[in-house]
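Residue numbers (this note's numbering), protein chains in the order written: chain A, 46 to 322; chain B, 38 to 206.
In this text, a Cβ means the ideal position worked out from N, Cα and C, and glycines have one as well.
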Amino acid sequence: MALSRRTGRSRFTLVLLILTSVTVLTLDFRGSGTINTLRDGASAVFDPVRGGAEHVFGPVGDAWNGVWHYGDVRKENERLRAELDTVKGQQAQQQDAQKQLQVISDLDKISQWTTLNGVDARIVAGPLTNFEHTLEIDKGSNDGIAVDMPVVTGAGLVGRISEVEKSRSVVKLMTDPDVVVGVRLLSSQETGLMHGTGDGQPLMIDEGIGPKVPVPPNELVTTSGEDRAAYPPNVPIGTVRTSTLSSDQLQQVLTVDPLADLGNLTIVKVLLWQPSP
Amino acid sequence: MRAVRLASVIFVLVTLQTTLMADLAIRGTCADIVMLLPIAVGIVHGREEGAIAGFASGLVLDLVVHGTPAGFFALGYTLTGYIVGITHGTVLRAAWWIPVLTAVGGSVVGVTTLGVLAKMVGLEGYLNNHLIVVALVVAVVNGALVLPMLRVVRWALPTATGSGRLVLS
């Protein structure tokens with residue numbers, strides 16, 4: 046009798062907790078101010094503690110990453126040395142091309158993303174759990190950063206700002222399936238829509254590229270910057286890895302390898318650019 | 038007093054999760070030591086208490102992390118604590134490895150639950166083969182840490198004398 050009463054009570058508690066959780070989920074999806082206030086309160090409590098803990102545990106993390114990535118770092122070092130030699134040779138040619146591009150851009154009043162003002166920021170935390178595609182950076186609204194600003198590295202697009210506090214911001218990586226980017230293929234100038242497919246997975250363009258559009262191997266993909274686009278034009282994103290026809294044969298599905306090394310970011314640049322309303 | 042101790046344990050676990058454990062990620066997969074709390078409470082005190090501990094710890098984690106909606110971890114850890122707590126009283130605890138095995142199994146259940154919940158709330162890109170790697174990493178780490186965590190839980194939430202029930206007062 047006592048056992049069945051206890052079982053009934055524990056089930057009642059379970060249902061109550063589930064309903065409470067679902068209510069919290071619903072409130073957050075609706076953008077409830079209460080949840081945001083609670084989050085701000087939690088940040089106020091945890092951020093200083095986490096900052097201190099980062100100082101203590103930072104060296105441990107560095108040592109750990111050194112052990113796990115030693116082989117990768119050596120290989121990458123060799124690859125980068127080879128690339129550097131190639132780049133040195135190309136640099137002279139590119140300087141000339143850059144000048145010509147600048148002249149054309151000035152004439153056409155096309156904004157180049159490399160000329161946009163930006164704020165350099167350091168990554169202070171990667172994904173905190175296994176169910177996030179976000180990073181935290183050490184700059185916030187005090188530095189002019191606002192929600193939806195694009196985040197880049199020298200290689201190309203990384204993601205966009207999803208939350209801003211005074212001295213910290215959260216970057217939603219473009220590997221997040223919720224992040225959709227208007228893109229353009231370099232050689233054909235065809236535009237389409239790209240989204241993430243999860244950590245370590247290639248990006249995917251599955252809208253806008255017709256079945257007869259030629260897509261050369263390693264085709265460069267950039268942001269399209271079309272009217273009211275969420276990103277400035279011509280920011281490099283990645284190179285096409287594979288191209289297949291969709292199941293209805295009406296368009297191509299392209300997988301894209303990002304140019305930015307999203308797994309090993311340390312410094313990023315937040316472009317002080319916001320989509321036009 | 039118990040509530041204060043439980044809050045302290047949650048505070049330390051969430052801090053460790055969002056600093057040390059996030060830093061110790063291997064190829065994007067990190068341990069989940071906050072999940073260890075509902076698992077340990079479920080083992081020591083049973084399903085109701087496991088669910089309560091899961092809800093409390095999950096809600097705090099929800100308010101600290103940014104990439105998931107609030108309530109996501111609260112719901113996932115509530116179910117994890119409850120499911121693990123079902124084993125309470127059904128096995129003899131003479132062998133040290135039984136809680137370890139329970140923690141390993143509970144972690145796999147917990148990660149799978151979170152993966153399914155992620156899909157249900159519209160978080161794409163998690164319910165895939167990578168979830169197996171996540172489950173393995175979380176299970177191994179939680180299996181290794183469950184014995185000290187059981188001691189922490191017994192300190193934070195001692196069984197009330199006479200009643201055999203957990204009282205958060």
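Exercise for the section: Determine the extent of the alpha helix (DSSP H) in which M239/A is found, giving its start and end residues. Expected result: Where M239/A is concerned, there is no enclosing alpha helix (DSSP H), although the beta strand (DSSP E) around it starts and stops at T236 to H240.
Exercise for the section: In angstroms with no decimal places, state the Cα-to-Cα distance between A170/A and T68/A. Expected result: Inter-residue distance for A170/A and T68/A is about 29 angstroms (C-alpha atoms, whole angstroms).
Problem - 7 angstroms Cβ cut-off: residues of chain B touching G241/A - result: Those are G162, listed as they occur along chain B.
Practice task
Go through the region 276–317 of chain A residue by residue and report every complete run of the beta strand (DSSP E) that reaches 3 residues or more, in order.
Solution key: Taking 3 residues as the shortest admissible run, the region 276–317 of chain A contains the following complete beta strand (DSSP E) segments, listed from N- to C-terminal end: 281–290, 297–303 and 312–316.
Practice task
Since I believe L112/B is in contact with L154/B (beta carbons under 8 angstroms), could you give me their beta-carbon distance rounded to a whole number of angstroms?
Solution key: About 6 angstroms; that satisfies the 8 angstroms criterion.
Problem - Alpha-carbon to alpha-carbon, V197/A and V228/A - result: About 15 angstroms.
Practice task
Could you tell me the distance, in whole angstroms, from the CA atom of V189/B to the CA atom of G152/B?
Solution key: Near 28 angstroms, if we compare the C-alpha coordinates of G152/B and V189/B.
Practice task
Please list, in chain order, all residues of the same chain as K154/A whose beta carbon is under 8 angstroms from its beta carbon, the five residues on each side excluded.
Solution key: With a pLDDT of only 49 at K154/A, under the threshold of 50, the placement of this residue in the model should not be trusted; the figure read from the coordinates follows. Contacts found: none.
Practice task
Buried or exposed for L96/B, please, with buried defined as at least 16 other CB atoms from any protein chain shown within 10 angstroms of its CB.
Solution key: Buried is the label assigned to L96/B, since at least 16 other Cβ atoms lie within 10 Å of its Cβ.
Handout entry: chain B within 8 angstroms of K154/A, Cβ atoms only
Key = The predicted model places K154/A with a pLDDT of 49, which falls under 50 and marks its position as unreliable; any figure quoted below should be read in that light. For K154/A, the answer is no, since every Cβ of chain B falls outside 8 angstroms of its Cβ.
Problem - Within-8 angstroms CB hit, N309/A to chain B - result: So, not an interface residue.
Practice task
List the residues of chain A that R39/B touches, going by C-beta distances under 7 angstroms, in chain order.
Solution key: The CB of R39/B never comes closer than 7 angstroms to any CB in chain A; the least such distance is about 17 angstroms.
Handout entry: Unbroken alpha helix (DSSP H) run spanning I89/B, endpoints
Key = Start and end: R84 to V101.
Practice task
Answer yes if the region 198–211 of chain A comes into contact with the region 38–50 of chain B, meaning at least three C-beta pairs across the two stretches below 8 angstroms, and no otherwise.
Solution key: No, they do not touch.
Exercise for the section: Work out the CA separation of D188/A and L265/A for me, nearest whole Å. Expected result: Each residue's alpha carbon lies about 32 angstroms from the other.
Handout entry: Segment limits, alpha helix (DSSP H) that includes V175/B
Key = Its alpha helix (DSSP H) spans residues H167 to A193.
Practice task
Could you check if V280/A is buried or exposed, using at least 16 other CB atoms within 10 Å of its CB as the buried criterion?
Solution key: Looking at its Cβ environment, which holds 16 or more other Cβ atoms inside 10 Å, V280/A is buried.
Practice task
Would you kindly work out how many angstroms separate the C-alpha atoms of L161/A and G283/A, rounded to a whole number?
Solution key: Taking the straight line joining both Cα atoms gives about 20 angstroms.
Exercise for the section: Please check if any C-beta of chain A sits within less than 8 angstroms of the C-beta of G143/B. Expected result: Under the Cβ distance rule, G143/B does not count among the residues neighbouring chain A, no pair being separated by less than 8 angstroms.
Practice task
Kindly indicate which three-state DSSP category G163/A falls into: helix, strand or coil?
Solution key: Taken through DSSP and simplified to helix, strand or coil, G163/A comes out as strand.
Exercise for the section: Taking only beta-carbon positions, decide if I76/B is within less than 8 angstroms of chain A. Expected result: No, no contact with chain A.
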